[in-house]
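Line by line, the protein sequences are chains A and B.
Numbered by the numbering used here, the letters in the first sequence go through residues 1 to 161 in order.
Numbered by the numbering used here, the letters in the second sequence go through residues 1 to 143 in order.
Cβ coordinates follow ideal geometry from the N, Cα and C atoms, glycine included.
Below is one structure; the comments refer to it alone.
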Amino acid sequence: MVSADLLKGYNFFKGFSEEQVKKLADIATEESYKAGFQLWKKGDQAEALYLLEGGKVVLGMDTYMGTARPPMQVTVDIVTKGDAMGWSAVIEPYVYTLGARCIDDSKAIAFDGVKLRELLNKDIKLGYAFMHATAKVIATRLTHTEIILVGERGLSVLSEN
Amino acid sequence: MFIQEVELFQGIPSHVIGEISELVTQESRPPGYVLFREGDVADFLYTLEEGEINLIIQAQKDFSFPVIKAGSVFGWSSLVEPNRYTATAECVRDSKVLKIDAERLMRVFQRHPAESLIIMKRLAGVIATRLLKSYKEFAASRK
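Shown next as structure tokens:
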């Protein structure tokens, strides 16, 4: 378990009650990883949701450039201090859709997926608050990614002209 | 279309569906009609009943998400802060949509926490699917 005060410092838990944060703190653990550590691969069972306390994690996916060549790993997002990652732990079918690898020594608060899902189903008000916060985080990532994409498209259009 | 056929509301008990149904209006729109624009205050959640809608990011016509399956939801920004649409929704052909008042829907959620948990889980899944699609676009642009 971790202290409730540690969790309260994260935007993710803004609006959660003291009691709700305490329940989540009870099932959380702190973990440290060396640079280069692969947290999970695409297709792995989503065993935990994480909040990054420090360091940097890249999210990557394979892209294929023809059948004769091996897939190329492309970084699609970078997770930094304060960010949540591993939402697949609370979204069916509970399988990671990207790979995650530390590129710096990193530290995270981990919520075991099974315990977290049990807690969210048992305490439905907490469950709703948690899923709402998760939806918000994913939506923010989406906006961020689309801004980058549109920016790149815009730049490529400019350079073509 | 019945509201319980909407992907977010499948399997939700009839008394809750009844309350949600009261918040729904149906609209029929021609090709080219814009339901909402990126950056607008997001007041309504939409469901496609018939036709086809394109979700366009910053008018980059080549970067869009087609909505073609009846029962699919879009305009989910109405349920997630900061409640601004993240794309422009334009009808590709004659389309029918169901429009749900998001503020009143949130009040229904407060009255029915168990059902709202199920709906919010599905909503997170819908947004995650679009994020994954964006990541794929991004990865493809790196080739």
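Query, Result
"Touching by the beta-carbon criterion (3+ pairs, under 8 Å), the segment 44 to 61 of chain A and the segment 84 to 103 of chain A", "yes"
"Beta-carbon gap between residue 71 of chain B and residue 46 of chain B smaller than 7 Å", "no"
"Same chain only: Cβ atoms within 6 Å of residue 183 of chain A, ignoring 5 sequence neighbours per side", "Here chain A has residues from 1 to 161 only, and residue 183 of chain A is not among them."
"C-beta contact flag for residue 46 of chain A and residue 88 of chain A at 7 Å", "yes"
"Residue 149 of chain A at chain B interface by Cβ criterion, 7 Å", "yes"
"Alpha-carbon spacing of residue 126 of chain B relative to residue 67 of chain A, whole angstroms", "31 Å"
"Beta carbon proximity, residue 96 of chain A to chain B, threshold 7 Å", "no"
"DSSP beta-bridge partners of residue 84 of chain B", "B/41"
"Neighbouring residues, chain B, relative to residue 77 of chain A (Cβ below 8 Å)", "135"
"From B/8, B/31, B/78, residue whose alpha carbon lies closest to that of residue 121 of chain B", "B/8"
"Contact set for residue 157 of chain A: own chain, Cβ-Cβ below 7 Å, skip 5 residues either direction", "Note that residue 157 of chain A has pLDDT 39, beneath the 50 cutoff, so the model's placement of it is unreliable and no number is given."
"Cβ-based contacts, 8 Å cut-off: residues of the segment 129 to 144 of chain A near chain B", "131, 132, 134, 135, 136, 138, 139, 141, 142, 143"
"Range of the contiguous alpha helix (DSSP H) that encloses residue 110 of chain B", "102 to 111"
"Segment contact, 8 Å Cβ cut-off, at least three pairs: the segment 105 to 113 of chain B with the segment 134 to 141 of chain B", "no"
"Where residue 74 of chain B falls: helix, strand or coil (DSSP)", "strand"
"C-beta neighbour in chain A for residue 106 of chain B, strict 7 Å", "no"
"Residue 40 of chain B vs residue 85 of chain B beta-carbon contact at 7 Å", "yes"
"Same chain, Cβ closer than 7 Å to residue 159 of chain A, five either side skipped, listed in chain order", "Low per-residue confidence applies at residue 159 of chain A: pLDDT is 35, beneath 50, and the placement is therefore not dependable, though the value from the model is reported in the following sentence. Excluding sequence neighbours, residue 159 of chain A sits near nothing in its chain."
"Under 8 Å by beta carbon: chain B residues contacting residue 103 of chain A", "Near residue 103 of chain A there are no residues of chain B at all, since even the closest Cβ is about 17 Å away, more than 8 Å."
"The segment 97 to 112 of chain B touching the segment 16 to 30 of chain B, judged by at least three CB pairs closer than 8 Å", "yes"
"Residue 113 of chain B at chain A interface by Cβ criterion, 7 Å", "yes"
"Distance CB(residue 77 of chain B)-CB(residue 145 of chain A) smaller than 7 Å", "no"
"Within chain B, partners of residue 87 of chain A - CB distance below 8 Å", "124, 128"
"Contacting residues, own chain, Cβ-Cβ under 6 Å from residue 10 of chain A (five flanking each side not counted)", "51"
"Residue 17 of chain A versus residue 64 of chain B - alpha carbon distance", "39 Å"
"Unbroken beta strand (DSSP E) run spanning residue 38 of chain A, endpoints", "38 to 40"
"Three-state secondary structure assigned by DSSP to residue 98 of chain A", "coil"
"With 16 other Cβ atoms within 10 Å as the buried cut-off, status of residue 136 of chain A", "buried"
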